[in-house]
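Residue 112 in numbering that gives the first Met the number 0 sits at position 113 of the sequence shown, and the numbers go up by one each step.
Glycine included, every Cβ here is placed at the ideal spot set by N, Cα and C.
Worksheet: the structure to be examined is printed underneath.
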Amino acid sequence: MADKQLSQAEIDALLNQLTSGGPAASEDESAKIKKYDFKSPKKFTKEQLRTLDGLYENFSRMLSSYLSGILRQFCEVTVLSIEEQRFFEYNNALPDSALIGKIDLKPVDKHYSDGMLLMDMSTALGFFMIERLLGGAGTNYHLTRDYTDIELAILDNVFTKILSRLQDAWCSYVDVTFALTSIETNARLLQALGAEEIVVIVMLNVKIADVNGTLNICIPAENLEELIGNFNIKYSRTSKRKDIGDAAIRRRFLFNELLDTSLEVKAVLDESHLSLSDILQLQVDDVIPLNKNIQGDITVVVDEIPWYTGKMGETKTKKAVRLNELISESRERS
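Here it is in structure tokens:
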């Protein structure tokens with residue numbers, strides 16, 4: 000073997016290793032070292048958490064539309080983080096006075112086990128919703144008292160409607176049903192899971208007017224681990240069918256939101272134009288002639304838009320209008 004002469008830099012490096020007791024790690028190597036807690040090993044990959052993030056991004060959009068509608072104020076819902084924790088860490092982070100919904104999770108496929116979720120909402124957000132739903136301005140929400148029975152009944156209905164949006168978001172990935180079992184207001188008495196059990200926490204930020212609140216969803220890793228494996232299978236094999244299903248869910252959601260919208264419906268026999276002087280001279284029992292026969296078609300107007308043609312009539316002891324056809328269809332034939 001040929002003799003090799005060491006440079007001065009190599010000699011200095013060897014001397015440094017001898018004095019330090021071993022080879023020194025470079026800055027790049029030390030930057031790659033990450034702490035790992037063997038007591039709570041990570042159960043989900045980055046790809047699985049990214050899939051879960053997509054699910055809750057979809058849910059946040061649905062929830063934003065729903066809250067904006069019922070509260071009559073613009074609402075913005077964003078996903079802040081999705082992370083694994085032990086249940087006692089999640090429970091210890093909750094304030095003493097809390098608003099926590101216990102939810103049953105039941106997969107439609109009986110091969111999967113039933114599970115449960117926890118959904119906690121900021122108390123300020125809860126009081127804000129109550130005041131807005133009862134007709135208030137939504138300014139008195141910094142309260143420290145307990146919820147009354149009437150307020151809990153209102154929030155029970157809100158939680159149920161939120162769960163229907165969450166179910167729609169989940170059904171884009173795997174068919175499940177959610178049911179609200181109870182609402183707890185004391186976090187210290189919450190004993191839903193074992194203290195060391197691994198859970199996944201989805202943290203959502205809800206911004207309505209001047210209110211910034213959080214909506215957190217706690218999912219046991221045992222149930223999620225069983226279901227999330229089916230997410231990837233459904234994506235890879237039925238991507239086109241899933242897109243069609245998403246569009247149908249969005250249409251159904253928008254349609255359901257519009258069902259409670261109030262519109263004015265008027266039956267118009269005819270219109271007449273009079274001068275202001277004629278109107279001022281009108282007296283009781285005066286007759287205003289119209290340009291339409293009483294037996295002719297009338298126009299049914301929905302929110303100032305002509306929608307149907309119809310006929311005047313009676314039903315029992317009340318005046319009525321029978322709808323004949325859509326005005327758009329009659330125009331197409333003519």
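- Closest option to Leu116, judged by alpha-carbon separation, among Ile227, Asn215, Asp302, Arg251: Asn215.
- In the three-state reduction of the DSSP assignment, Val76 falls in the strand class, which pools E and B.
- Here Ala97 is near Ala186, since their CB atoms are less than 7 angstroms apart.
- Between Ala220 and Val199 the beta-carbon gap is near 6 angstroms, inside 8 angstroms, which marks them as a contact.
- Glu263 carries a coil assignment under DSSP once its states are collapsed to helix, strand and coil.
- Residues Gly137, Tyr140, Ile207, Val210 of the same chain have their beta carbon placed closer than 7 angstroms to that of Phe127, with the five preceding and five following residues left out of the count.
- Within 10 angstroms of the beta-carbon of Leu14 lie fewer than 16 other beta-carbons, which makes it exposed.
- In the DSSP assignment, Phe87 falls within the unbroken alpha helix (DSSP H) covering 86–92.
- It is roughly 17 angstroms from the alpha-carbon of Leu93 to the alpha-carbon of Leu142.
- Looking at Ile197, Lys318, Val299, Ser67, the one whose alpha-carbon comes closest to that of Glu324 is Val299.
- Residue range 304–314 is occupied by the beta strand (DSSP E) that includes Gly312.
- Lys105 carries a strand assignment under DSSP once its states are collapsed to helix, strand and coil.
- Here Glu150 is buried, its C-beta having at least 16 other C-beta atoms within 10 Å.
- As computed with DSSP, Ala178 is found in a beta bridge with Asp103.
- Within the DSSP bridge table, the entry for Gly114 names Leu104 as partners.
- Within 10 angstroms of the beta-carbon of Pro106 lie 16 or more other beta-carbons, which makes it buried.
- When DSSP states are grouped into helix, strand and coil, Asn215 belongs to the strand group.
- Taking the Cα of Tyr55 as reference, the smallest distance to any Cα among Asp167, Arg250, Gly193 is reached at Asp167.
- Following the DSSP letters along the chain, one finds Thr159 inside the alpha helix (DSSP H) bounded by residues 148–170.
- A Cβ-Cβ separation of about 7 angstroms places Glu83 in contact with Phe43 under the 8 angstroms criterion.
- Residues Ser121, Ala123, Leu124, Val205 of the same chain have their beta carbon placed closer than 6 angstroms to that of Gly212, with the five preceding and five following residues left out of the count.
- If you draw a straight line from the Cα of Thr77 to the Cα of Ile227, it comes to about 22 angstroms.
- In the DSSP assignment, Glu324 falls within the beta strand (DSSP E) that extends over 317–325.
- For Ile304 and Ala266, the gap between their C-alpha atoms comes out near 11 angstroms.
- Lys291 and Leu268 have their C-alpha atoms roughly 8 angstroms apart.
- Counting the other Cβ atoms within 10 Å of the Cβ of Ile10 gives fewer than 16, which makes it exposed.
- Within its own chain, no residue has a Cβ closer than 6 angstroms to the Cβ of Cys170 once the five positions on either side in sequence are excluded.
- DSSP places Asp119 in the strand class (E or B) of the three-state scheme.
- Judged by their CB atoms, Ile102 and Leu192 are not nearer to each other than the 7 angstroms cut-off.
- The continuous alpha helix (DSSP H) containing Thr50 extends over residues 45–70.
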